[in-house]
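For the sequence shown, our numbering gives the first residue as 17, with consecutive numbering after it. We treat Cβ as the ideally placed atom computed from N, Cα and C, and that holds for glycine. A quick note: this is a predicted structure, and the numbers were derived from the prediction, not measured.
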Amino acid sequence: MKLNSYQKTAITTVFATLFLILVGGIVRSTGSGMGCPDWPKCFGSWIPPTSVDELPSNYREVFVEQRIQKNEKIVSYLEALGFNEIAHQIENDPNIKREEEFNATKTWIEYLNRLVGAVIGILVFLTFLRSLSYWRTRKSITFLSAFAVLLTGFQGWLGSIVVSTNLLPGMISLHMVLAMVIVTLLLYCAYKTSENLVKINIDNSLRKKLSVAAIIILVLSTIQMILGTQVREEIDVIKNTMTDTVPPRSTWIDSLGQIFEIHRTFSWLLAISGGYLGFVLWKEEITGQLKKVGITNVALIFAQILIGIGLAYLDVPKVLQVLHLVGIALMICCQFLMILMTRKGNTKED
């Protein structure tokens with residue numbers, strides 16, 4: 017059976033969103049998050065400069081002042097909504113007033129990240145338009161697709177806040193969590209409109225066992241992702257402790273606090289749960305699509321743990337930073353897919 021236009025668009029958007037997470041990882045690992053000091057433009061232009069000579073001599077002061085003025089508005093909005101603690105944090109963060117030097121490479125990395133984000137926004141909206149074909153038969157698909165559009169718009173706005181607050185800790189974690197909510201929402205819609213193509217041939221007790229295992233692993237992975245973003249934010253704090261030079265990467269891990277210890281220790285829970293899932297897949301008669309997804313889950317868990325070890329003992333190499341970010345995104349998607357596949361036990365697999 018061929019995929020219809022909605023299914024094709026939704027699946028394409030899922031993979032495109034994962035690609036955006038990859039690009040975001042490159043932005044983070046190269047320190048290009050502030051490559052464009054303003055939003056949505058970049059250095060005041062829709063197409064960023066390639067040389068500092070194209071900018072006014074006082075460009076640093078100009079964009080810092082713009083950022084301060086924007087943050088004053090954000091603080092007033094947050095206070096009006098009752099978020100006084102966050103408002104106080106933004107208002108008193110010294111990094112917000114830090115002047116950013118122009119770096120052509122970082123500027124264009126961040127600019128390309130924004131272009132990819134714009135393409136994702138178009139794809140998500142196109143997914144919604146094509147979901148209208150399900151309005152009469154499955155309204156939930158249309159509603160969820162519309163919700164994905166709203167979340168994507170909010171994500172874009174949040175991206176502007178991340179830039180305006182100069183990568184304020186907490187904002188980046190929220191940015192990542194929201195990205196995963198969007199991609200799993202799209203994955204759910206893509207699966208629910210295509211589940212007639214998935215055939216499962218396992219008894220009900222085994223189905224429940226796999227479903228519970230997948231849910232537990234997904235919860236653990238989500239917690240680990242949040243812990244990981246907090247570790248990454250702490251590294252940013254370490255990097256910003258010196259205004260003129262960035263501390264050597266070899267010192268980053270030793271400078272991390274308790275959150276890193278928790279993140280590292282928590283990985284044992286994932287290793288144990290991944291080992292259990294692997295044992296069940298080996299022992300029980302599971303074949304076809306479900307087994308492939310299960311094996312992929314186990315492989316991703318242990319690959320992610322190995323990458324984490326590499327980050328800790330190889331002085332946080334940039335390549336492993338990107339792989340670690342993409343790895344957790346793939347893990348959560350595959351675990352969520354396994355939950356969807358094991359929710360239905362009355363179908364047959366050829």
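Nearest-angstrom Cα separation, counted from residue j out to residue i
| i | j | result |
| --- | --- | --- |
| C349 | L327 | 23 Å |
| S147 | F99 | 36 Å |
| S266 | V332 | 8 Å |
| K224 | R359 | 8 Å |
| S21 | L346 | 24 Å |
| A195 | Y150 | 25 Å |
| F282 | Q240 | 7 Å |
| E250 | S221 | 44 Å |
| N87 | E107 | 7 Å |
| V253 | R44 | 13 Å |
| N74 | C205 | 49 Å |
| P185 | V91 | 16 Å |
| L226 | V197 | 23 Å |
| V235 | M187 | 21 Å |
| E95 | F170 | 19 Å |
| K57 | L166 | 22 Å |
| S176 | A229 | 38 Å |
| H104 | Y93 | 12 Å |
| P263 | L330 | 15 Å |
| V140 | K113 | 35 Å |
| L203 | K18 | 18 Å |
| D109 | R76 | 18 Å |
Local conformation of residue i per DSSP, three classes
| i | result |
| --- | --- |
| S61 | strand |
| T303 | coil |
| R154 | coil |
| V335 | helix |
| S67 | coil |
| F141 | helix |
| W124 | helix |
| K215 | coil |
| F79 | helix |
| P56 | coil |
| P264 | coil |
| L131 | helix |
| N362 | Residue confidence is low: N362 scores 41 on pLDDT, short of 50, so the model does not pin down where it sits. Its coordinate-derived value is still stated next. In this structure, N362 counts as coil in the three-state DSSP scheme. |
Presumed contact (8 Å Cβ cut-off) between residue i and residue j, rounded CB distance
| i | j | result |
| --- | --- | --- |
| Q351 | S237 | 6 Å |
| V373 | V132 | Residue numbering for the chain in the displayed model covers 17 to 366; residue 373 lies beyond these limits and cannot be assessed. |
| V68 | F118 | 5 Å |
| V342 | V199 | The pair is not a contact, with the Cβ atoms about 12 Å apart (cut-off 8 Å). |
| G310 | M354 | 6 Å |
| T25 | T153 | That belief does not hold up - the Cβ atoms of T25 and T153 are roughly 17 Å apart, past 8 Å. |
Contacts around residue i, its chain only, beta-carbon distance under 7 Å, and the 5 residues preceding and following it disregarded
| i | result |
| --- | --- |
| T46 | K122, I125 and K334 |
| G137 | T168 and G172 |
| G41 | Q337, V338, L341 and V342 |
| K364 | Below a pLDDT of 50, predicted positions are generally treated as unreliable, and K364, at 47, falls in that range; the measurement from the model is reported next regardless. Closer than 7 Å at Cβ, skipping near neighbours: K215 and N217. |
| L71 | F59, P65 and F118 |
| A120 | T66 and S67 |
Residues near residue i in its chain [Cβ-Cβ closer than 6 Å; skip 5 each side]
| i | result |
| --- | --- |
| V314 | G290, L293 and G294 |
| E116 | M50 and P53 |
| T33 | I136 and V199 |
| L285 | L236 |
Own chain residues within Cβ distance below 8 Å of residue i, not counting five before or after
| i | result |
| --- | --- |
| A287 | I317, F318 and I321 |
| V247 | L272, I275, F276 and H279 |
| E81 | none |
| I344 | S237, Q240, M241, G244 and Q320 |
| L190 | L174 |
**Asked** Does the segment 177–186 come close enough to the segment 260–276 that 3 or more CB-CB pairs lie under 8 Å?
**Response** Not touching, per the Cβ criterion.
Indicate whether the contact test is met: 3 or more Cβ pairs, each with one atom in the segment 304–320 and one in the segment 210–217, closer than 8 Å.
Yes, since at least three Cβ pairs between the segment 304–320 and the segment 210–217 fall closer than 8 Å, the two stretches touch.
- [ ] Evaluate the contact criterion for the segment 150–170 versus the segment 54–68: three or more CB pairs, one atom per stretch, below 8 Å.
- [x] Below 8 Å, too few C-beta pairs join the segment 150–170 and the segment 54–68 to call them touching: fewer than three.
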